[in-house]
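For reference, the structure is listed below as structure tokens.
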Amino acid sequence: MRLSVAAAISHGRVHRRLGLGPRSRLDLLRNLVTALVRHERIEAPWARADEMRGYAERLIEYAKLGDTNERAMRMANFWLTEKDLIHKLFKVLAPRFQPHPGSYTRLLQIPNRDGLDRAKMAVIELKGNPFPPLIRPHRNTEKTLVNQLLKGYREDMQQAAAPQTPEGTPV
69 MRLSVAAAIS HGRVHRRLGL GPRSRLDLLR NLVTALVRHE RIEAPWARAD
119 EMRGYAERLI EYAKLGDTNE RAMRMANFWL TEKDLIHKLF KVLAPRFQPH
169 PGSYTRLLQI PNRDGLDRAK MAVIELKGNP FPPLIRPHRN TEKTLVNQLL
219 KGYREDMQQA AAPQTPEGTP V
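Per this note's numbering, the very first residue in the sequence shown carries number 69; after that it's consecutive.
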């Protein structure tokens with residue numbers, strides 16, 4: 069059996085294969101974008117959330133142009149399956165993100181889904197949402213290599229900075 073790196077070569081594929089075909093993929097992404105605009109925080113498999121992230125950010129970029137822009141209205145009409153959310157997009161979300169140049173979403177990994185597939189799960193949320201912040205796991209224990217190196221460096225610097233008194237002189 070020969071091992072190869074076929075998975076690393078894309079050969080013209082620019083997006084993930086989600087759903088049953090191109091139309092199914094678009095419907096899936098539109099429903100995810102609509103749910104994100106409605107709830108401002110959703111839980112989805114990592115691949116779907118990561119793929120949907122770019123489309124949601126691009127939609128917010130268009131919304132920042134205003135509701136008088138024809139292209140922005142067409143994009144909102146296409147991507148939002150629930151038409152009552154167009155008002156929220158232009159009147160609530162666009163003003164919230166107006167001073168920000170980009171990166172309107174946050175993608176956090178959560179524990180894998182229980183069940184048969186054990187899919188890698190993620191939470192995607194709009195920044196500035198009214199929900200309490202999610203807790204990110206921080207590895208700031210003393211056991212990590214970086215913290216051990218920093219601890220040794222600090223000890224060396226303290227010894228070097230300590231005033232050196234010559235031997236035999238009274239203090």
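Using N, Cα and C, we set each Cβ at its ideal position, and we do this for glycine too.
Every value quoted in this text rests on a predicted model; they were computed, and no experiment measured them.
Between the CA atoms of residue j and residue i - distance to the nearest angstrom
i	j	result
residue 199	residue 224	44 Å
residue 112	residue 195	17 Å
residue 83	residue 118	11 Å
residue 296	residue 165	Outside the shown range of the chain (69 to 239) lies residue 296, about which nothing can therefore be said.
residue 226	residue 186	49 Å
residue 147	residue 178	26 Å
residue 128	residue 157	8 Å
residue 115	residue 96	12 Å
residue 221	residue 235	26 Å
residue 188	residue 175	13 Å
residue 232	residue 219	22 Å
residue 69	residue 77	Per-residue confidence for residue 69 stands at a pLDDT of 48, beneath the threshold of 50, marking its modelled position as unreliable; the derived number appears in the next sentence. Each residue's alpha carbon lies about 19 Å from the other.
residue 92	residue 154	23 Å
residue 182	residue 170	34 Å
residue 197	residue 168	14 Å
residue 228	residue 107	55 Å
Contact set for residue i: own chain, Cβ-Cβ below 6 Å, skip 5 residues either direction
i	result
residue 162	131, 132
residue 212	none
Cut-off 8 Å between Cβ atoms - residues of its own chain near residue i, not counting five sequence neighbours on either side
i	result
residue 173	104, 121, 124, 125, 192, 193, 194, 195
Whole-angstrom C-beta distance between residue j and residue i, which should lie under 8 Å
i	j	result
residue 143	residue 135	11 Å between Cβ atoms; not a contact.
residue 209	residue 149	Residue 209 to residue 149, Cβ: 45 Å. No contact.
The region 119-130 in contact with the region 81-100 per 3-pair CB rule at 8 Å: yes
Within the region 105-177, ranges of the alpha helix (DSSP H) (whole runs, at least 4 residues): 114-131, 138-147, 153-156, 162-165
Start-end ranges of the alpha helix (DSSP H) lying completely within the region 184-238, minimum 4 residues: 213-229
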